[in-house]
Amino acid sequence: MDMVPNKRILLRQFATGTPDETDMELSVGKVSLRVPPGSGAILVKNLYLSCDPYMRGRMREYYGSYIPPFVPGSVIEGFGVCKVVDSEDPYYKPGDLISGLTGWEEYSLIEQTKQWRKIQFEDIPLSYHLGLLGMPGFTAYAGFYEVCAPKKGESVFVSAASGAVGQLVGQLAKLHGCFVVGSAGTKQKVDLLKNKLGFDEAFNYKEEPNLDAALKRYFPLGIDIYFDNVGGVMLDAALLNMRLFGRIAVCGMVSQTSLPSSVGIHNLNMLIFKRIRMQGFLQSDYLHLFPEFTEKIIEYYKQGKIVYIEDMSEGIESAPSSFVGLFSGKNIGKQVIRVASE
Ligand SMILES: NC(=O)c1ccc[n+]([C@@H]2O[C@H](COP(=O)([O-])OP(=O)(O)OC[C@H]3O[C@@H](n4cnc5c(N)ncnc54)[C@H](OP(=O)(O)O)[C@@H]3O)[C@@H](O)[C@H]2O)c1
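Numbering-wise, the sequence shown is residues 1 to 342 according to our numbering.
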């Protein structure tokens, strides 16, 4: 019956506080490499899996979010790049490379195939379909152009700037003719921002005793656009430094996701004084722009106008530690897990 062992990462329990490797566990099951007849499903071999901060939100028992929690005892779900092994869906055939929401395991049976994409551009690293050309890259694209409404010459600040989303926001802002400063949590990341990713300036926020003073140093005339990936005290400091009619794109609050309750923001009165527009967004609200995003980013990449940094860990066993590492800043660039070779 073509049954093979299948290593899987299960959610052992809901996480409290900063997620820990012990919230997850490795188990070995068995899987048939044949799709059940008449199911319309596909059976995929997972090649690359993505670690994304939003997944922390699915590790708690909360049903009011835009996406439901994981189920304790079940396989963790995340974005993946996969090869079709067997298919009962006429659109997919064995050997196709595809990306979509899969399981943290070696093989997955996919019953809902509608949200999946075939990978067409094979001269770009496959794993980039989880980062540069995947959900985080699209978040940068939609957030920067649609939410920030940038103008040439404006001053842009990006937090978690060397990460999956931030590194592309900064590069798009530079291509748009903006002055760009990024913050990150280590010297190595700051060096990457300045020397590889083309940011005008960068600083290590962990070495700044006063974030307000740090932002005043880099933006003496103020910030036009703040692309916020972290929330908390950085958001508060940015509010104090915005220019008239500035825009804040609230993309994520990674500094807050593991806290029992979020820290208060004290400087919201700046929204009135400076007539700032502060807008939260989800990349999924802009999916109609995905084709133009793909076309433009591939063109920039092939022309050498943008680069992309990945942090690749090896083997499904590395998934829990790679995921946990997102919350201490261990990842340098987009965190991906290589489960199997192409
Ligand atoms: N709205 C949307 O549709 C959407 C879509 C995708 C992602 N997001 C959000 O975008 C943000 C960035 O995601 P990503 O995938 O690009 O992640 P990432 O930046 O690749 O990885 C997370 C980074 O966050 C930083 N970090 C972790 N804990 C922190 C803390 N307590 N305070 C400050 N920084 C902290 C670390 O970098 P440092 O070493 O620099 O601290 C870490 O490397 C996240 O908030 C995520 O939830 C939103």
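By construction, the Cβ of each residue, glycine as well, lies at the ideal position given by its N, Cα and C atoms.
- Around the beta-carbon of V75, 16 or more other beta-carbon atoms lie within 10 Å, marking it buried.
- One thing to note: T186 has its Cβ no nearer than 8 angstroms to the Cβ of G333.
- Excluding five sequence positions before and after E154, the CB atoms of its chain that fall closer than 7 angstroms to its own CB belong to C178, D224 and I225, given in chain order.
- Counting only the Cα atoms, F199 lies some 11 angstroms from L175.
- Distance between A238 and Y145, taken at the CA atoms: about 20 angstroms.
- Per the Cβ contact rule, the region 293-313 is not in contact with the region 23-31 (fewer than 3 Cβ pairs under 8 angstroms).
- Along the region 137-194, the beta strand (DSSP E) occurs as fully enclosed runs of 3 or more residues at 155-158 and 179-184, listed in sequence order.
- Inclusion of V84 and K93 in the CB contact set at 8 angstroms is warranted, their separation being smaller than that value.
- Per the coordinates, the alpha-carbon of T139 lies some 17 angstroms from the alpha-carbon of G182.
- For A202, the secondary structure class from DSSP, reduced to helix, strand or coil, is strand.
- Under the three-state reduction of DSSP, R60 is assigned to coil, being neither helix nor strand.
- In the DSSP assignment, V250 forms a beta bridge with D228 and G280.
- Per the C-alpha coordinates, the member of E106, D96 and S87 positioned closest to L47 is E106.
- In chain order, A142 place their CB closer than 8 angstroms to the CB of D285, counting only its own chain and leaving out the 5 sequence neighbours on each side.
- Of the candidates D20, K118 and E88, the residue whose Cα lies closest to the Cα of D96 is K118.
- In this structure, the straight-line span from the alpha carbon of L268 to that of D236 is close to 8 angstroms.
- For ligand 1, no non-hydrogen atom lies closer than 7 angstroms to the CB of L101.
- With respect to D20, V324 sits close: the two C-beta atoms are nearer than 8 angstroms.
- Taken through DSSP and simplified to helix, strand or coil, F245 comes out as strand.
- The beta carbon of K7 sits closer than 6 angstroms to those of V28, E106 and I316, all from its chain and outside the five residues before and after it, given in chain order.
- Note that the C-beta distance between S159 and L192 is not below 8 angstroms.
- Proximity to M278 across C148, W116 and R34 peaks at C148, based on C-alpha coordinates.
- Taking the Cβ of K174 as the reference point, every heavy atom of ligand 1 lies at 7 angstroms or farther away.
- Boundaries of the alpha helix (DSSP H) around R217: L211 to Y218.
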